[in-house]
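According to full-length UniProt numbering, the sequence shown is numbered sequentially starting from 1.
Ideal placement from N, C-alpha and C gives every residue a C-beta, glycine not left out.
In what follows, a single structure is set out as structure tokens and then discussed.
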Amino acid sequence: MSIVSSRVSSVSSILKGSGVRSALVNSQKRICFKLPRNLKTVLLNYENGCDRQAYQDMVCILRDSNVKDYELLELLNDLQECMSMLGPLHKLFIEVLLNINWTDRSSEIIASYKKFVEDLTCMHIYHLKLVIDKLIFQFRLVGEGATPWTNGKCPENYKNKISHIHDTLRKFLKIIPMSSDVLVQSLTSLYPHVSEGIVPTQQYLFSLIQILDYAPQLRKDILCLIINRLVALDVSVPPSEIQNCEDDEDMEEDENEAIFKLDDTNIENNSKKSHSTEMKHPGAQMLDVCMEQVLAYVYNCCHVEGQLQIDSLRIIYNDLLYTFERIILTTHASHHVQFIMFYLCSFKLTVAETFIRWLWQKVSNPNVAPIIRQSAVSYIASLLARATYITVGLLQSVLLEMSTWIHSYISSQDSLECANSDVRVHTVFYSVCQAMFYLLAFRHKDIIDGKKHLLFLQGLNLTKIVTCRLNPLKVCQPAVVQNFAAVTRNYQLAYCYTVIERNSRSNLPVLQTTNRFINWLDTFFPFDPYLLVLSGQRITPLYNNSQCTMPNTTDSYVSRSSKSECDEDDFMDESFTSQSLDSQNHFDKFSYSTSPGFIYT
């Protein structure tokens, strides 16, 4: 036997006999790299160009290897002694350090890492943008993977992980003045795209709302970011697609039930309930869970242990009104996001009154763009028709204001020798007329309760409106016109059918333009039925969705009694408009939806 073979056999026999060989084979094959001991020397040699290889090896180890806790803790301690050296030259090294997953490690490492990040940004403001970007990016990296949240509730372990990130951001906002602007920029640029899925969006939105708790000075900016992204998602999901998906799902369930009938009805009911908050349309499901988070935040901001806080309500109202004016009011085909204001107004009647007053000032201001004025008046009409918390007194005061404005407009046109016949010149007038007709047809049973209220409607002088030469019955939506005509005939307030028949026989050249305008007006009903399931649980109790048959007509309309009016106005102060709804102010514009809410039978 040769010497080599004897050595191999002896080593093999030794490993086999002692059990070491089997342990080596079964163990994971991993090469462990150790971080350099003298960090300061490595950094100096790199800056001087003496030894760049050791520096590059250290960066590669931090990037590619799973650094153990004791090694990371030792490195963080060494970094404290070299903090003054970590300037722009070491940007790559800093970026690798910031990519380390530190929120899952021991409390000692978490504390040391926070201190390192805080000291780094205070001493080298150059790294602030990079540090904040890396921290914010972990909002959607740390979580429950692709598993959806249960009923929109955030898991506790995710809350614990991101709490460390929020602690660091809170410290930045306190000690670094320019961090606010950098934070808003990073939050905007790193907002998850829709294609990334529901869970990352839920996590990111939850973290944004967490920032509002300790950074109220950023509330307007962050709310604008949230509302802007939700509006973009909302307009990309038409209600028809949501309804079709839900109808298809119901049909599938009915077919399955017809084939497989369960004996235990309790199991069947529980199964339906477990899926009741999930929507089949992916875009609608994402919008639903996001809306639930926003609505929950609005409620929690204004309530402490179920008690309404007026000061908090005033603050959140002003911030949401700011976002509403900048984003929602100017957006076409939004169907759900505007219900944030609908929900906020339900907390106190004076909030709804203030919101309606603000919208009416938009409508009556001739310096505001006509499209904005039309959008505002549609929000007024839709809110008054659909909200159960709107009182009859508020409804009557708005109708009186609309009537006063309409008659004033008609008088101004009658004083002219030749009024402009182009309907586009009078778009705001027709929009206000349609809003008034819509409210009278939608809630006439709430208004007409005794002889006194009937006299109020007679005082609106509806006959003059429908017979004026501007002819609003020809331009307004046919469904609104037909229901309004039935109501006014039933209560002998005006007789519209002569005008309607004359309009139907009219073949003037302006008819084509008028038809285009009619189709355009059809979209202005912003508070049409809310289709989202999870967040809809907050809207449904406040929503007027009942149906009553119209008198002497085949049309139907919605009618429901309102809540009692609040007896005090502690929400209002000098910061709000001091003029009442009975003053000579004007409203704003329309909003966007698919139908006026009338059902044909």
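The ligand FMN heavy atom lying under 6 angstroms from the CB of residue i
i: LEU473; result: The ligand FMN is not among the ligands present in this structure, which contains no ligands whatsoever.
Close Cβ partners of residue i (< 8 angstroms) along its chain, the five nearest in sequence each way excluded
i: GLN80; result: LYS115, PHE116, ASP119
i: ASN552; result: With a pLDDT of 41 at ASN552, under the threshold of 50, the modelled position of that residue is not reliable, and the figure given next carries that caveat. Excluding sequence neighbours, ASN552 sits near ALA486, ARG489, ASN490.
i: CYS345; result: VAL351, ALA352, PHE355, LEU383, ALA387, TYR389
i: THR463; result: LEU493, ALA494, TYR495
i: LEU35; result: MET58, ILE61, LEU62, VAL67, GLU71, GLU74, LEU75
i: TRP149; result: PRO155, VAL199, GLN202, VAL289
i: ILE176; result: THR121, CYS122, ILE125, LEU128
i: SER112; result: LEU73, LEU76, ASN77
i: PHE137; result: LEU190
i: TYR497; result: ALA485, ARG489
i: CYS566; result: Any reading at CYS566 needs caution, since the residue's pLDDT is 37, under 50, leaving its predicted position unreliable; the model's value is listed next. Excluding residues within five positions, the ones whose Cβ falls inside 8 angstroms are LYS348, LEU349, THR350.
i: GLN458; result: LEU493
Top-ranked residue by Cα proximity to residue i, from the options
i: ALA215; options: ILE406, PRO239, LYS171, ILE198; result: LYS171
i: CYS301; options: THR404, ALA387, ILE315; result: ILE315
i: LEU287; options: PRO238, GLN477, ILE500; result: PRO238
i: LEU282; options: TYR204, ILE226, GLU196; result: What sits at residue 282 in the sequence shown is Pro, not Leu. Measuring from the Cα of PRO282, the nearest candidate turns out to be GLU196.
i: GLU479; options: PHE525, LYS159, LYS445; result: Note that residue 479 corresponds to Ala in the displayed sequence, not to Glu. Ranking PHE525, LYS159, LYS445 by Cα distance to ALA479 puts PHE525 first.
i: THR391; options: ILE447, ASP422, SER411; result: ILE447
i: GLY536; options: PRO177, HIS303, GLN293; result: GLN293
i: TYR191; options: ASP78, ALA296, ILE100, ASP133; result: ASP133
i: LEU473; options: GLN458, LYS452, SER506; result: SER506
i: GLN502; options: THR467, GLY152, ASN483, VAL533; result: The sequence given here places Arg at residue 502; Gln does not occur at that position. Measuring from the Cα of ARG502, the nearest candidate turns out to be THR467.
i: THR427; options: VAL499, LEU130, PRO370; result: PRO370
i: VAL131; options: LYS91, GLY152, ILE109; result: LYS91
i: residue 608; options: ASP449, VAL499, LEU460, LEU39; result: Only positions 1 to 601 of the chain appear in the structure, and residue 608 is not among them; the question remains open.
i: ASP528; options: LEU295, ALA381, VAL298, ARG229; result: ALA381
i: THR330; options: ARG469, TYR317, TYR379, SER186; result: TYR379
Span of the alpha helix (DSSP H) around residue i
i: ILE109; result: 107-123
i: LEU79; result: 69-81
i: ALA385; result: 370-386
i: HIS444; result: 444-447
i: LYS280; result: No alpha helix (DSSP H) holds LYS280; DSSP gives it neither H nor E.
i: CYS345; result: 339-345
i: PHE206; result: 198-214
i: ILE162; result: 156-175
i: PHE484; result: 478-490
i: TRP405; result: 392-414
i: GLN138; result: Neither: GLN138 is in no alpha helix (DSSP H) and is coded neither H nor E.
i: ARG314; result: 310-323
i: LEU359; result: 349-364
i: ASP64; result: 52-64
i: SER84; result: Here SER84 belongs to no alpha helix (DSSP H), and DSSP marks it neither H nor E.
i: LYS474; result: 472-475
i: ALA232; result: 219-235
i: PHE93; result: 91-98
i: TYR191; result: It is not in any alpha helix (DSSP H) - TYR191 carries neither H nor E in the DSSP assignment.
Cβ neighbours of residue i in the same chain (closer than 6 angstroms, five flanking residues each side left out)
i: LEU395; result: LEU384
i: ASP104; result: none
i: residue 603; result: Any answer about residue 603 is impossible in this case: the structure gives the chain only from 1 up to 601.
i: MET402; result: VAL432, MET436
i: SER179; result: PHE172, LEU173
Beta-carbon proximity list for residue i, same chain, < 7 angstroms, skipping 5 on both sides
i: CYS154; result: PHE206
i: HIS127; result: ILE94, LEU120, THR121
i: THR188; result: LEU225
i: SER106; result: ASP69
i: TYR530; result: HIS336, PHE339, GLY536, ILE539, TYR543
i: TYR409; result: PHE429
i: ASP221; result: VAL184
i: PHE347; result: CYS302, LEU308, LEU313
i: GLU255; result: For GLU255, the pLDDT reaches just 49, beneath the cut-off of 50, and the residue's location in the model is therefore unreliable, leaving the point undetermined.
i: GLN434; result: CYS476, GLN477, VAL480, LEU521
i: TRP102; result: ILE109, ILE110, TYR113
i: GLU241; result: HIS281
i: ARG229; result: TYR191
i: SER580; result: Because the pLDDT of SER580 is 35, which lies under 50, any placement of that residue in the model is unreliable, and the number read from its coordinates should be weighed accordingly. Result list for SER580: empty, nothing under 7 angstroms.
| query | When the Cβ atoms of the stretch 308-324 are set against those of the stretch 334-354, are three or more pairs found closer than 8 angstroms? | reply | yes
Q) Are the stretch 157-167 and the stretch 191-210 touching by the rule of at least three beta carbon pairs closer than 8 angstroms? A) yes
message: Check whether the stretch 335-344 and the stretch 396-416 touch, using three or more Cβ-Cβ pairs below 8 angstroms as the test.
response: no
May I ask you to verify whether the stretch 40-58 touches the stretch 81-96, counting CB pairs closer than 8 angstroms and requiring at least 3? yes
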